[in-house]
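Engineer: For the sequence shown, the working numbering gives the first residue as 1426, with consecutive numbering after it. We put the beta carbon where it would ideally sit given N, CA and C, even for glycine.
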Amino acid sequence: MTDASIERKIAVIFVTDAVGFSKLMAQNENATMQSLNACKDILARLFDEYGGRIFNTAGDSALAEFPSAVNAVECGVAFQNDIKKRNESDKTEVKLEFRIGINMGDVVKKEG
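Right, here's the structure in full:
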């Protein structure tokens, strides 16, 4: 039995977080934050390109909604490729790696 007052929809949710972020922060906080901000800029550009919408962030992680699973997967692949290129650069002091998860299913729509 479902409550008719609860609004649900099918959504594709994309989540990413940095691997070993706390350890890197303990080693070099300033360089790690600079690296994270550069990676967040890459991710924001790709979200715009692939139609993702960030709806939550916490430290080194981000949650985004996509209109299709294909867009989310293509965005994830592009992000991993861009991060790999960034990490191969001699100019990159802290080389971050990211885990990505993608899930599709019912979500409860609340406050937009």
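#1: Going straight from the alpha carbon of ALA1505 to that of PHE1523, what length do you get?
#2: Do the CB positions of VAL1532 and ALA1494 come within less than 7 Å of each other?
#3: Mind checking VAL1519: buried by the 16 CB within 10 Å criterion, or exposed?
#4: Just the Cα atoms here: how many angstroms apart are GLU1454 and LYS1534?
#5: Determine the contact status of LEU1471 and ASN1481, defining contact as a CB-CB distance below 7 Å.
Structural biologist: Per the coordinate set shown:
#1: The residue given as residue 1505 occupies position 80 in the sequence shown. The residue given as residue 1523 occupies position 98 in the sequence shown. It should be pointed out that residue 1505 corresponds to Gln in this sequence rather than to Ala. GLN1505 and PHE1523 have their C-alpha atoms roughly 8 Å apart.
#2: By one-based count along the sequence shown, residue 1532 stands at place 107. By one-based count along the sequence shown, residue 1494 stands at place 69. With respect to the 7 Å criterion, VAL1532 and ALA1494 are not classified as neighbours on the basis of their beta carbons.
#3: By one-based count along the sequence shown, residue 1519 stands at place 94. Around the beta carbon of VAL1519, 16 or more other beta carbons sit within 10 angstroms, so the residue counts as buried.
#4: Along the sequence shown, one-based indexing puts residue 1454 at 29. Along the sequence shown, one-based indexing puts residue 1534 at 109. Using only the alpha carbons, I get a separation of about 37 Å.
#5: Position 46 of the sequence shown, counted from the start, is the residue given in the question as residue 1471. Position 56 of the sequence shown, counted from the start, is the residue given in the question as residue 1481. No, the pair does not count as a contact, with Cβ atoms beyond the cut-off.
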